[in-house]
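Data block below; observations after.
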Amino acid sequence: MDTEQDGDRYIRDGCVFRDGIDIYDTMSVVVRYKGGKQLTYSLHAGLPYEGYRLAINGSKGRLDCFLPESGAPVRNIGGWEFTVTPIFSQSEGQQTFFVPSGKGGHGGGDPVLLEHVFRGGGEKDPYGRAAGSWAGAMSILIGVAANKSIATGKAVRIADLLRK
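Sequential numbering of the sequence shown, starting at 1, is according to the working numbering.
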């Protein structure tokens with residue numbers, strides 16, 4: 001890309017170590033919910049590949065999900081691989097499932113989201129997965145709280161952000 005033509009003076013050479021770069025390479029946030037549940041989120045922005053790993057630990061086992069997107073050493077596998085590992089039952093073994101991506105961006109999620117947001121229709125939601133505006137606001141406030149915590153070095157309560 002031509003930086004002069006774009007007008008933003010950003011040099012698109014992939015170098016994350018340039019003096020003007022002020023985005024953290026590695027970020028982590030811990031969210032504690034009222035009911036005692038905890039979310040730990042880590043973002044690593046300066047890695048040679050894209051994708052994500054998700055792990056959910058529960059009282060009966062663990063669910064792992066891995067979705068490689070691009071770059072070495074992984075390749076896009078066209079979907080998600082889920083592994084379920086039971087904890088308390090030796091008679092049940094580990095199971096792995098593959099869920100193929102749908103058509104469209106984000107594994108087929110973009111067309112579903114766009115249909116829902118702009119046309120008010122789309123697929124039925126029998127599992128109640130669709131998030132409303134309140135859930136969206138709360139997810140944004142997690143990021144706001146994380147940035148405030150970085151700036152102050154202290155834990156930030158979402159409720160305190162809502163009071164202002």
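Each residue gets a CB set at the ideal place from its N, CA and C atoms; glycine is no exception.
Note that the structure is a prediction, hence the values are computed from the model and not measured.
Margin query: In this structure, how does DSSP classify I150 when only helix, strand and coil are distinguished?
Written below: The residue you call residue 150 lines up with position 150 of the sequence shown. Here I150 sits in helix by DSSP.
Legend entry - Residue closest to P68, alpha-carbon to alpha-carbon, out of A137, P100, L113: Looking up residue 68 in the sequence shown gives position 68. The shortest C-alpha separation from P68 is found at P100.
field: Unbroken alpha helix (DSSP H) run spanning L162, endpoints
entry: Position 162 of the sequence shown, counted from the first residue, corresponds to residue 162. Unbroken alpha helix (DSSP H) run through L162: 158-163.
### Message
In whole angstroms, give me the CA-to-CA distance for E4 and V30.
### Response
Counting from 1 along the sequence shown, the entry for residue 4 is found at position 4. Counting from 1 along the sequence shown, the entry for residue 30 is found at position 30. Any reading at E4 must be qualified, since the residue scores a pLDDT of 48, below 50, and its modelled position is unreliable; the value itself is stated next. Spanning the two alpha carbons is a distance of roughly 41 Å.
- Item | Reduced DSSP category for T3 - H, G, I as helix; E, B as strand; rest coil | Position 3 of the sequence shown, counted from the start, is the residue given in the question as residue 3. Its pLDDT being 46, under 50, T3 is placed unreliably by the model, and nothing is read from it.
Worksheet item: Secondary structure at G51, three-state DSSP: helix, strand or coil?
Response: Here residue 51 refers to the residue found at position 51 when the sequence shown is read from its first residue. Note: G51 maps to strand in three-state DSSP.
query: Once you ignore the five residues that flank F97 on each side, which residues in its own chain have a CB closer than 6 Å to its CB?
result: Start at 1 with the first residue of the sequence shown, and residue 97 comes out as number 97. Closer than 6 Å at Cβ, skipping near neighbours: F82.
Pick helix, strand or coil for G143, following the three-state DSSP scheme.
The residue labelled residue 143 in the question sits at position 143 within the sequence shown. G143: helix per DSSP, three-state reduction.
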